[in-house]
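Sequential numbering from 11 applies to the sequence shown in this note's numbering. C-beta: ideal position from N, C-alpha, C; glycine also. See below for the structure under consideration.
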Amino acid sequence: MAKNYAIGVDIGGTNIRAALINSSGEVESKAKESTGSKPVAVIHKLIDSMYSKHSKQICGIGLAVAGIIDRDEGIVLRSPNISRLTGVNLESEIKSRYKTCVVMENDANAAAYGEKCAGAGRDFKSFVIFTLGTGIGGGIVMNNKLLSVAAEVGHMSINANGQQCACGNVGCLESYASASAIIGNAVSEIEKGSSSILRNLYNGNFYKLNAEDIYKAALEGDPLSRTVLREAGKSLGIGIANLINILSPDAIILTGGLLGAWNIYVDSAIQEASKRALKELYNKVKIIPSSLGDNAGIIGAAKLVFEECA
Ligand SMILES: [Zn+2]
């Protein structure tokens with residue numbers, strides 16, 4: 011029987027998602043569980059459920075992990091949001107249980123590859139993806155190939171005397187432009203006494219705010235929310251300009267939960283990037299949303315399996 015399926019697993023801090031992907035990169039079936047305190051057990055359970063469907067046709071398993079990985083050794087060097095995985099040789103763990111080919115990649119890198127194979131990156135030779143959520147990740151495709159480098163764009167410093175980041179550096183892009191930064195800035199402005207309709211949510215417990223609340227308030231014209239999103243977008247624009255100047259990509263692809271705020275946050279980023287990037291390079295770059303959304307990582311991980319395990 012032809013082995014024309016691969017399993018893609020996207021391992022994030024909140025959820026772990028697995029899918030059975032065919033060789034065209036289409037999702038055949040999907041399952042999701044919360045990450046919890048036993049991520050490896052959750053990964054096993056999800057892969058088991060995929061095997062129960064097409065066990066004989068699966069050519070391998072692709073793991074997209076939120077964290078810094080040693081791809082050659084198959085080890086998760088550090089996963090800030092899934093501390094249980096830090097130091098785990100996840101590749102050999104999965105390999106020994108399923109006796110099949112296993113490929114591991116960082117989650118944003120896998121998302122970049124997914125977009126390259128089956129999404130918004132298909133028509134571009136070179137692009138950088140920014141995953142905009144609780145944190146900010148990145149992936150780079152150059153000359154149609156996924157660069158197997160860290161591409162931790164969220165930890166490029168954009169402010170020499172900036173805020174302390176959890177990574178140890180100061181002034182990281184992530185500390186200014188991520189969902190956590192947006193929420194933190196809104197909360198601290200409210201604490202200082204700024205007026206905002208955000209105060210009326212959650213019976214006044216504004217510590218429960220999420221990024222979507224802030225975006226909705228901004229759409230209703232709330233000045234505080236608009237300022238916070240615009241400032242975060244401006245920081246993102248600095249990061250985008252830096253990548254444009256270094257790599258001269260054909261496109262910048264943006265994905266993640268913050269895309270809902272495109273017409274304030276991303277517009278502000280595009281405006282800032284256009285001011286800062288070298289004109290000749292900016293003029294040829296397209297800044298566009300991802301087309302695969304949440305599925306990019308699992309599709310990318312599965313596509314790597316087809317390439318490396320066939
Ligand atoms: Zn950092």
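Does the beta carbon of residue i fall short of 8 angstroms from some heavy atom of ligand 1?
i, result
"S205", "no"
"E184", "yes"
"A312", "no"
"N169", "no"
"G178", "yes"
"C319", "no"
"C175", "yes"
Put residue i into one of helix, strand or coil per three-state DSSP.
i, result
"S167", "strand"
"T96", "coil"
"G84", "coil"
"D58", "helix"
"D117", "helix"
"G70", "strand"
"L239", "helix"
"N25", "strand"
"L156", "strand"
"C175", "coil"
"L229", "helix"
"S102", "helix"
"L219", "coil"
"R132", "coil"
"N91", "coil"
"G194", "helix"
"E125", "helix"
"A51", "helix"
Per DSSP, residue i is paired with what?
i, result
"L142", "I146"
"G45", "In the sequence under discussion, the amino acid at residue 45 is Thr, which differs from the Gly named in the question. In the DSSP output, where bridge partners are listed per residue, T45 has none listed."
"N32", "Y15"
"I224", "DSSP, once it has assigned bridges, lists no residue as partnering I224."
"S185", "The partner list for S185 (beta bridge, DSSP) is empty, contrary to what the question assumes."
"S39", "L30"
"F137", "V151, A261"
"D20", "R27, A74"
"C111", "G70"
"I79", "V86"
"V180", "Q174"
Please go through the same chain and pick out, in chain order, the residues whose beta-carbon is closer than 8 angstroms to the beta-carbon of residue i, but skip the five residues on each side of it.
i, result
"R236", "A228, I274"
"G181", "S167, I168, N169, A170, N171, G172, Q173, C175"
"R94", "S47, K48, P49, V50"
"I193", "L219, N220, A221, I224"
"A160", "I78, N116"
"A12", "Q67"
"L239", "I192, I224, Y225, A228, A271, I274, Y275, S278"
For ligand 2, any of its heavy atoms closer than 8 angstroms to the Cβ of residue i?
i, result
"G164", "Ligand 2 is not part of the structure shown, which contains ligand 1 as its ligands."
In chain order, what residues of the same chain lie with their CB nearer than 7 angstroms to the CB of residue i, ignoring the 5 residues before and after it?
i, result
"G129", "S300, S301, L302, A306"
"R88", "G77, I78, T96"
"R81", "M114, E115, S158"
"V52", "I26, E43, T45, G46"
"K135", "N153, N154, D260"
"L211", "L219, D223"
"L291", "I254, N255, S258"
"F216", "V197, I200, L208, R209"
Beta-carbon within less than 6 angstroms of residue i's beta-carbon, same chain only, minus the 5 sequence neighbours each way: which residues are those?
i, result
"G232", "Gly is not the amino acid found at residue 232; the sequence shown has Asp there. Cβ within range, chain order: S206, I207."
"G143", "A189, G266, G267"
"C177", "H165"
"I85", "N99"
"G243", "Y275, S278, A279"
"G70", "A16, T110, C111, V315, C319"
So with Cβ pairs under 9 angstroms, would you call residue i a contact of chain D?
i, result
"G124", "Checking the listed chains, one finds no chain D in this structure; it contains a single protein chain."
Give, in chain order, every unbroken run of the alpha helix (DSSP H) that is at least 4 residues long and sits entirely within the region 241-311. Considered as a whole, the region 241-311 harbours 277-286, 289-292 as its complete alpha helix (DSSP H) runs of no fewer than 4 residues, in chain order.
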